[in-house]
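Structure first, commentary second.
There are 2 protein chains.
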Amino acid sequence: MLEAKLQEAGTLKKLLDSIKELVTDANFECNEEAIVLQAMDNSHVALVSVKFSAAAFKRYRCDRPMPLGVNLTSLNKVLRCAKDDDICTLKAADEADVLNLVYEAKNSDRIAKYDMKLMDIDADTLQIPDTEYDARVTLPSSEFTRIVRDLSQLGESVRIEVSKEGVRFASDGEAANGSVLLRQSDGALISGTTIRPKSDGKEGGEDGGDEAEGSSSAKKEKAKVKKEKGDEDVDMSHEKDDNEDEEEEEFKPVENDEEGEEEQENEEDEEEEDGGSKKRKKKANGTSKPAKKPKTAKSKGKATEEDESATDVIIEMNQHVCLTFSLKYLVNFSKSATLSNKVQLMMSNDVPLLVSYDFNQGYIRYYLAPKIGED
Amino acid sequence: MLEAKLQEAGTLKKLLDSIKELVTDANFECNEEAIVLQAMDNSHVALVSVKFSAAAFKRYRCDRPMPLGVNLTSLNKVLRCAKDDDICTLKAADEADVLNLVYEAKNSDRIAKYDMKLMDIDADTLQIPDTEYDARVTLPSSEFTRIVRDLSQLGESVRIEVSKEGVRFASDGEAANGSVLLRQSDGALISGTTIRPKSDGKEGGEDGGDEAEGSSSAKKEKAKVKKEKGDEDVDMSHEKDDNEDEEEEEFKPVENDEEGEEEQENEEDEEEEDGGSKKRKKKANGTSKPAKKPKTAKSKGKATEEDESATDVIIEMNQHVCLTFSLKYLVNFSKSATLSNKVQLMMSNDVPLLVSYDFNQGYIRYYLAPKIGED
DNA sequence: CACGTTGGGT
DNA sequence: ACCCAACGTG
Chain A
1 MLEAKLQEAG TLKKLLDSIK ELVTDANFEC NEEAIVLQAM DNSHVALVSV KFSAAAFKRY
61 RCDRPMPLGV NLTSLNKVLR CAKDDDICTL KAADEADVLN LVYEAKNSDR IAKYDMKLMD
121 IDADTLQIPD TEYDARVTLP SSEFTRIVRD LSQLGESVRI EVSKEGVRFA SDGEAANGSV
181 LLRQSDGALI SGTTIRPKSD GKEGGEDGGD EAEGSSSAKK EKAKVKKEKG DEDVDMSHEK
241 DDNEDEEEEE FKPVENDEEG EEEQENEEDE EEEDGGSKKR KKKANGTSKP AKKPKTAKSK
301 GKATEEDESA TDVIIEMNQH VCLTFSLKYL VNFSKSATLS NKVQLMMSND VPLLVSYDFN
361 QGYIRYYLAP KIGED
Chain B
1001 MLEAKLQEAG TLKKLLDSIK ELVTDANFEC NEEAIVLQAM DNSHVALVSV KFSAAAFKRY
1061 RCDRPMPLGV NLTSLNKVLR CAKDDDICTL KAADEADVLN LVYEAKNSDR IAKYDMKLMD
1121 IDADTLQIPD TEYDARVTLP SSEFTRIVRD LSQLGESVRI EVSKEGVRFA SDGEAANGSV
1181 LLRQSDGALI SGTTIRPKSD GKEGGEDGGD EAEGSSSAKK EKAKVKKEKG DEDVDMSHEK
1241 DDNEDEEEEE FKPVENDEEG EEEQENEEDE EEEDGGSKKR KKKANGTSKP AKKPKTAKSK
1301 GKATEEDESA TDVIIEMNQH VCLTFSLKYL VNFSKSATLS NKVQLMMSND VPLLVSYDFN
1361 QGYIRYYLAP KIGED
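Here the protein sequences come in this chain order: A and B.
Heads up, the first sequence is in the numbering used here, so the first residue is 1 and it goes up one at a time.
Heads up, the second sequence is in the numbering used here, so the first residue is 1001 and it goes up one at a time.
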């Protein structure tokens, strides 16, 4: 039995706006710790990973793991019936084939209930293909949106290059070539730290915990990218491996047979890999945030909103990286800017890019394999 | 070698927004004095003339005259990658086939570079078909925008009539007729002066100078309009003169073989023709600006921004004029309202209308032949 | 169903 | 001037 009470329905609405064009059906995997969605996009090139930790909810209860197969188009329709500031409660009985949604206006003068049919979806649980990166760029999400939107006017793909100089986005097109160099903010070039997605959307939060996809056994086998058929995106699917002539490469989706064995393991991972280089700057919280620019809180009204350094460009880099990606997908990813004012790009050469928007107690992450043969 | 540094990319962006629907390809003629663009619109009915004086730029250098053949659609794409307040530098090497654009964020933390391919464009240098008019109406550009937009909903064409009473815009349509009378502001009816476009966009500036299109020999041969095929616009092109059955009339494009003979001539014209009527109110700066409404400077930060009398309607008239024009084109012209808060309409009977938006050190001007047979 | 364009509001 | 929403088109 699931019951999850979200303070603001708007969060879920924005999330669906972000991914509804990328994914049409997906399982919301609910368990005691979190609600997780992992799915490949419709063209099987990108991978979307969403997580709402239990702590993201005002109230959360899930007795046993249950997958809720949801048609996102339907869910979107139902969510559009909620106002952004409605309190939204999701309920599903064990083995239920419907999801109940209750919207309560904040002043309680309105209560709406919706029942949405669930469906069975083949749960090809996808192995998230990476755990550690050579570079992380943290930048304002609006800046990222702007850059990929601009460059998408010129060409099909963008070359992202991270160096000590900063991060460069470059695209070549028929009529024009474009290149945007973003210099890191003062003092915001960091190297020697372990770069990996934080376990949770919580900024500077505790690092261990309920990570679902980090698998210690997968720690060093970063690249699952096949390098054939160069110069194209990589298909992260496995389903159509042999019978289609798509130009895309593919990830090897790995059966996630270690799920659940992982809790409280990340913190130890970092400790053991941290030797021999600069330690992270502040206390060991895994986020490596420099102490510069102690911005005045932006008075956004929401105490939970992380509001520091949102305008900074932070570059963490252990190695120069240069990768090429399809702009079409990045433009799609950038729609999640409504969910966070910052975005992180994590990259290693020849490894899928991780684009992560972290919010209060959760995140939305996108994985996109690089085009190869031109990076 | 060209290098032109513009303080605000927004100026160029607005310019391109203005003309991109009218012209698709054009040469930017760069020389020591200015950058000039002259082109006919795609249907060869209207003529666009743009000038940026060297002084319009923060830095300007052009060693030798060079035409830059630009596809405006491409340039528009590239310019959309600039923020309005970016500093924009245009560079082109001699004989280059690319134009380099550099956008610097004001705080310099972002530098974007774009290379746009240039193209060869037949430089049918167009003789701007007039130098002196019987009437000039200066009005707020927003007012002009509103009038032509309103009337365009009623009919295809507008009759513009300038008299001592004011200026009347009238359109007859299937469902309704409309007429807008604009009275000149107090004391803003001027007659007996020479009415011609100023040599430069600079308000109240020196009148002689680097005029490219003024030709003394053409001064009195105003009308080059052929009066056949009545009731239609006039094609300003010469290229398709004989082999097409367009309904439009045509200007005679004249080879501009007297370019440069004109300097410092306008001021003398004014002196000798100035007698016998109200003098212009302020000092003889050629703009005939009344002293009314000594507006408080609008604190726009730019000392060069002309900000007085923007709400006045000024009519200079030596002869009653009544002309009919296609509203479709006027609506298009009026998009340049973003570039200046004032617009000037210069008219003589049976001669193309000149619509001029003057800005700091440049202008954009449109020429449109009247429909004949109904004026 | 998605994208691009146009119009209206802040 | 900028951002958001709605409409129409591909």
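Quick reminder that beta carbons are idealized off the backbone N, C-alpha and C, glycines included.
- Listed along the chain, the chain B residues whose CB falls inside 8 Å of the CB of A:L182 are D1109 and R1110.
- Here A:T138 is bridged, per DSSP, to A:I314 and A:Q344.
- Chain-order list of chain B residues neighbouring A:S179: A1112, K1113 and Y1114, by C-beta distance under 8 Å.
- For a Cβ distance threshold of 7 Å, residue set K1077 of chain B lies close to A:L154, ordered along the chain.
- Under the three-state reduction of DSSP, B:R1146 is assigned to helix.
- Closer than 7 Å at the C-beta level to chain A, one finds these residues of the stretch 1078-1104 of chain B: V1078, R1080 and C1081.
- Your pair B:E1104 and B:D1085 does not check out as a contact, with CB atoms roughly 10 Å apart and the cut at 8 Å.
- Contiguous alpha helix (DSSP H) elements confined to the stretch 1047-1094 of chain B occur at 1072-1079, taking only those with 4 or more residues.
- Note: A:K371 is bridge-paired with A:T324 in the DSSP secondary-structure output.
- Judged by beta-carbon spacing, A:T89 lies beyond the 9 Å limit of A:K20, meaning their Cβ atoms are not closer than that value.
- Per DSSP, B:Q1153 has no beta-bridge partner at all.
- With a threshold of 9 Å between beta carbons, B:T1073 makes contact with chain A.
- The CB of A:A175 comes closer than 9 Å to the CB of N1071, T1073, S1074, L1075, K1077, V1078, M1116 and K1117 in chain B, given here in chain order.
- The DSSP-derived three-state label of B:K1113 is strand.
- Contact annotation: B:S1326 and B:S1157 have beta-carbon atoms nearer than 9 Å.
- For A:K13, no beta strand (DSSP E) segment is defined; the enclosing uninterrupted segment is the alpha helix (DSSP H) at A9 to I19.
- Around the C-beta of A:C81, fewer than 16 other C-beta atoms lie within 10 Å, and the residue is accordingly described as exposed.
- Closest in alpha carbon position to B:F1333, among B:L1012, B:D1017, B:Q1007 and B:L1002, is B:D1017.
- Pairing B:G1192 with B:G1178 gives a Cβ-Cβ distance that is not under 9 Å.
- Scanning A:A54, A:Q7, A:A9 and A:V180 for the CA closest to the CA of A:E29 turns up A:A54.
- Contact check for A:R183 against B:I1111 passes: the beta carbons are separated by less than 9 Å.
- DSSP places A:S179 in the strand class (E or B) of the three-state scheme.
- Per DSSP, the continuous beta strand (DSSP E) segment holding B:N1027 begins and ends at D1025 to C1030.
- Counting along the chain, B:E1104 sits inside the beta strand (DSSP E) bounded by residues V1098 to E1104.
- Membership of A:G192 in any beta strand (DSSP E) is not indicated, and neither H nor E is assigned to it by DSSP.
- Identification of residues in the stretch 134-162 of chain A having a C-beta nearer than 7 Å to some C-beta of chain B yields D150, Q153 and L154, given in sequence order.
- Taking the CA atoms as reference points, B:S1340 sits about 20 Å from B:A1188.
- In its chain, beyond the 5 residues on either side, T1338 and L1339 have a beta carbon closer than 7 Å to the beta carbon of B:K1014.
- Residue state for A:L126 is assigned as coil, using DSSP reduced to three classes.
- When C-alpha distances from B:N1076 are compared across B:L1126, B:M1116, B:M1346 and B:R1159, the shortest belongs to B:M1116.
- Contact between B:V1070 and B:L1099 holds: CB atoms are separated by about 7 Å, below the 8 Å threshold.
- Taken atom to atom, the span from the alpha-carbon of B:V1045 to that of B:I1364 is near 17 Å.
- At least one C-beta of chain B is nearer than 9 Å to the C-beta of A:S185.
- C-alpha of A:Y366 to C-alpha of A:L354: approximately 6 Å in a straight line.
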